[in-house]
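Heads up: the sequence lines are chains A and B, in that order. Okay, so the first sequence: first residue is 0 according to numbering that gives the first Met the number 0, each after it adds one. Okay, so the second sequence: first residue is 0 according to numbering that gives the first Met the number 0, each after it adds one. Each residue gets a CB set at the ideal place from its N, CA and C atoms; glycine is no exception.
Number of protein chains: 2
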Amino acid sequence: MELQNAPIGVFDSGFGGLTVAREIMRQIPNETIVYFGDTARVPYGTKSQTTILKYSKQIVRFLRTKEVKAIVVACNTASALALEEIRRELEIPILGVIKPGAKIAANTTKNGKIGIIATEATIQSRVYTHFIQDLNPELTVIGKACPLFVPIVEEGTFLNDPILDAIANRYLEELKQHKIDTLILGCTHYPLLRSTLSRLMGEDVTLVNPAYETARELQRLLRKEGLENTQGQEIERIHTFYVSDVPDRFKQFAASILPCSAERTAQINIEEY
Amino acid sequence: MELQNAPIGVFDSGFGGLTVAREIMRQIPNETIVYFGDTARVPYGTKSQTTILKYSKQIVRFLRTKEVKAIVVACNTASALALEEIRRELEIPILGVIKPGAKIAANTTKNGKIGIIATEATIQSRVYTHFIQDLNPELTVIGKACPLFVPIVEEGTFLNDPILDAIANRYLEELKQHKIDTLILGCTHYPLLRSTLSRLMGEDVTLVNPAYETARELQRLLRKEGLENTQGQEIERIHTFYVSDVPDRFKQFAASILPCSAERTAQINIEEY
């Protein structure tokens, strides 16, 4: 297999990274994806850096057995806590969602006040703040952990419900008080709450989804490294999906979010890698 | 070490099982506990039977290296989905929380209508229903999964809050309509929501915490098998605690719930077992 025609590895702690996979499929339709979701050990956002790093390394070892030419860490928590160390040991390009998200937010804000909502682990890492202030030290960055958002998306019962509004208002209160004009959706589940978050923050606040910019950044990276797929769009791309728990729920979720089928999702034993 | 003086192994997917460990410490103070909390892979309640069984078997193998004389599965999900298969392969007594909980509920109800709140996996297994109807086929059992309760307890922000009341009212609505008079707290986290649940269900509904009956059942079992600790109470019991993620948050939680210190909690690599 020629290197250019090799697939892109994309991983997340579970379903959420499919919002990033979807953007890659839309923006770079010539590329083929091998996706891994760690559904047996989800969530990552409440766990320690040691554990997240160990899990991420296992997943990278698995993806390399699929001969991927590049890897996208489609999970904010793993991007925040594991990406830099993995990059040091890896010979292929690897990209997280945080740097692209930070860049677009820094370019979007008008009043210099950026809010970030994410998991506890991502917020505590302060990685978004570091990247944004590297770009422009004048910017103010306010982070807020929203631990219930992931279970709410996964359960599904309280979407478009006054109870979600009440919870979200509590989480967003501090960000509103700071009069942010830009809000980063710093967890791959959160774009699925977009309509609620947008309504509650009001039309003066721009929501930033790092997935969009990550797909663009990936395209630039592939081009720069001479890794773009040279086969034309007439060839059908067969994306493949792997998970660590049984695939039933993953397939349901994928069907609601992806433009392609994930019916052939396979379960693997990630602890062996 | 004489077998009677060996410790009791107690395990859970995380913190919740400490409510069971606490009951054992209270009711059988002569026994020493070795506790394992699978904090790197928590929660179990949204995962498949295959995965829960695999994780439970690894934990049992770990506890056996500590030469435990008996094991308590202090997790409703693992009790529902893994206990029977583990028991078939094990030479020491093992006890779950579901059978004791079912028994006390069947003895408590006056109108024959029992409600159960638990994780999705426990409710779907219908194990509580089977145990209760084995005791008395006339009893009606209504189960309701409450997926947000565990993350709410773990986050802590919404305890004693109108938002918790709103979520709980939604979950409890169907059970109230069925006019249950007994409610099993079918997840080891739920006793920590007891005051809210009790207030919302009203004084005509008795809440059943399986932890209490599990500790009683354990004492009966040890007596029957000649395994009761024969050393007197004058000897200081040093309970030990192990977790799969870094122990910081576990220690905080343990300090708020246990009558003893868990300061020396150690992290182990559970995937090696």
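Start and end residues, alpha helix (DSSP H) containing residue i
| i | result |
| --- | --- |
| residue 59(A) | 48-64 |
| residue 34(B) | Counting along the chain, residue 34(B) falls outside any alpha helix (DSSP H), though it belongs to the beta strand (DSSP E) covering 32-36. |
| residue 157(A) | First-last for residue 157(A): undefined, no H or E at that position. |
| residue 86(A) | 82-88 |
| residue 22(B) | 17-26 |
| residue 14(A) | Looking at the DSSP string, residue 14(A) is not in any alpha helix (DSSP H), and its letter there is neither H nor E. |
| residue 127(A) | 126-134 |
| residue 195(B) | 193-200 |
Chain B contact for residue i (CB, 8 Å cutoff)
| i | result |
| --- | --- |
| residue 122(A) | no |
| residue 49(A) | yes |
Range covered by the beta strand (DSSP E) that runs through residue i
| i | result |
| --- | --- |
| residue 117(A) | 112-117 |
| residue 164(A) | No beta strand (DSSP E) contains residue 164(A), which is instead part of the alpha helix (DSSP H) from 161-176. |
| residue 102(A) | That residue, residue 102(A), is in no beta strand (DSSP E); its alpha helix (DSSP H) goes 97-107. |
| residue 250(A) | Not the beta strand (DSSP E): residue 250(A) falls in the alpha helix (DSSP H), residues 247-256. |
| residue 205(B) | 205-207 |
| residue 70(B) | 69-72 |
| residue 311(B) | In the structure as shown, chain B starts at 0 and stops at 272, and residue 311(B) therefore has no counterpart that could be examined. |
| residue 9(B) | 7-11 |
| residue 181(A) | 181-184 |
| residue 241(B) | 239-242 |
Proximal chain A residues relative to residue i, where beta-carbon distance stays under 7 Å
| i | result |
| --- | --- |
| residue 165(B) | 162, 165 |
| residue 146(B) | 150, 154 |
Chain-ordered neighbours of residue i on chain B, where CB pairs are closer than 8 Å
| i | result |
| --- | --- |
| residue 46(A) | 38, 39, 244 |
Chain-ordered chain C contacts of residue i [CB-CB under 7 Å]
| i | result |
| --- | --- |
| residue 209(A) | This model lacks chain C altogether; the protein chains it does include are A and B. |
Beta-carbon spacing of residue i, residue j below 8 Å
| i | j | result |
| --- | --- | --- |
| residue 182(B) | residue 199(B) | no |
| residue 269(B) | residue 37(B) | yes |
| residue 27(A) | residue 217(A) | yes |
| residue 78(A) | residue 41(A) | no |
| residue 8(B) | residue 62(B) | yes |
| residue 152(A) | residue 196(A) | no |
| residue 184(A) | residue 116(A) | yes |
| residue 109(A) | residue 91(A) | no |
| residue 10(B) | residue 96(B) | no |
| residue 5(B) | residue 88(B) | no |
| residue 238(B) | residue 32(B) | yes |
| residue 214(A) | residue 22(A) | yes |
| residue 146(B) | residue 190(A) | no |
| residue 252(A) | residue 242(A) | no |
| residue 139(B) | residue 112(B) | yes |
| residue 212(A) | residue 114(A) | no |
| residue 259(A) | residue 44(A) | no |
| residue 143(A) | residue 119(A) | no |
| residue 104(A) | residue 131(A) | yes |
| residue 34(B) | residue 240(B) | yes |
| residue 244(B) | residue 47(A) | yes |
| residue 204(A) | residue 180(A) | yes |
| residue 93(A) | residue 70(A) | yes |
| residue 60(A) | residue 272(A) | yes |
| residue 257(A) | residue 20(A) | yes |
| residue 29(B) | residue 168(B) | no |
Contact with chain A by residue i, beta-carbon distance below 8 Å
| i | result |
| --- | --- |
| residue 205(B) | no |
| residue 116(B) | no |
| residue 60(B) | no |
| residue 151(B) | yes |
| residue 270(B) | yes |
Any non-hydrogen atom of the ligand MN closer than 7 Å to residue i Cβ
| i | result |
| --- | --- |
| residue 3(B) | In terms of ligand content, the structure shown is empty, and the ligand MN therefore cannot be addressed. |
Amino acids of chain A, ordered along the chain, whose beta-carbon sits closer than 9 Å to that of residue i
| i | result |
| --- | --- |
| residue 169(B) | 156, 157, 160, 162 |
Select from the region 11-25 of chain A all residues with a C-beta closer than 9 Å to any C-beta belonging to chain B, and list them in chain order. none
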